[in-house]
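Report on the structure given below.
In this note's numbering, the protein residues as written are 349 to 554.
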């Protein structure tokens, strides 16, 4: 095959792929907000959710973020988000559960955060919704520790405003949450620098 023939074969292949892609896009007729779940043992669940928040803000949309469990770290995402007037960021956690070592205190913190989250969801109803996206960071951890009834969360997600999207992060997502979600991504751990004795690095881990 000559170079010219090779190029033409490539163009034909790309035309076919584009035609199939365009047809698939046209077949999607439902327009509404979705529920996303980022889970799994791999790194990047919260990172992906914060990237989603920045993408949404870049489109001129309003974003609400509630961080559960985490709370005492001075993270890069917190500092960055302060520069986005489109994003409201609430930290409800008092720190990682192995640091707080107080179940009742952790439950109270999670409940405060969930009350804020429910308020964000409810403010997103009607003709003038406050948020287009709500991120519930590490809520899966709180549910896994039974700090909050999963049925309560599932009910809120099922009855969310039609146009609102909600992203829930954290390892160990419960089956009930996965069932109600529209998009579920599971981060799989292959290797982690920490396991090789490398310290958590500023800008990478926090």
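For every residue, glycine included, the Cβ atom is placed at its ideal position computed from N, Cα and C.
Item: Under the three-state DSSP convention, the category residue 415 falls into; Value: strand
Item: Distance between residue 414 and residue 464 (C-alpha atoms, nearest Å); Value: 8 angstroms
Item: Distance CB(residue 508)-CB(residue 528) smaller than 7 angstroms; Value: no
Item: Within 7 angstroms, strictly: CB atoms of residue 468 and residue 406; Value: no
Item: Buried versus exposed, by CB contacts within 10 Å (16 or more), residue 547; Value: exposed
Item: Sufficient close CB pairs (3 or more, under 8 angstroms) joining the segment 375 to 395 to the segment 521 to 538; Value: yes
Item: Residue burial classification, residue 495 (beta-carbon count within 10 angstroms, cutoff 16); Value: buried
Item: Residue environment, residue 542, which counts as buried when at least 16 other CB atoms sit within 10 Å; Value: exposed
Item: Beta-carbon gap between residue 482 and residue 514 smaller than 7 angstroms; Value: yes
Item: Contacting residues, own chain, Cβ-Cβ under 6 angstroms from residue 423 (five flanking each side not counted); Value: 554
Item: Residues of its chain near residue 460, where Cβ-Cβ distance is below 7 angstroms and the 5 sequence neighbours each way are ignored; Value: 440
Item: Beta-carbon contacts of residue 555 that lie in its chain and below 6 angstroms, excluding the five residues immediately before and after; Value: Outside the modelled stretch of the chain, which goes from 349 to 554, sits residue 555, for which no answer is possible.
Item: Buried versus exposed, by CB contacts within 10 Å (16 or more), residue 475; Value: exposed
Item: Supposed contact pair residue 404 and residue 485 - C-beta distance, whole angstroms, cut 8 angstroms; Value: About 14 angstroms separates the two Cβ atoms, so there is no contact after all.
Item: Backbone secondary structure at residue 496 - three-state DSSP; Value: coil
Item: Of the residues 488, 512 and 516, the one placed nearest residue 379, counting alpha carbons only; Value: 512
Item: Beta-carbon gap between residue 401 and residue 435 smaller than 7 angstroms; Value: yes
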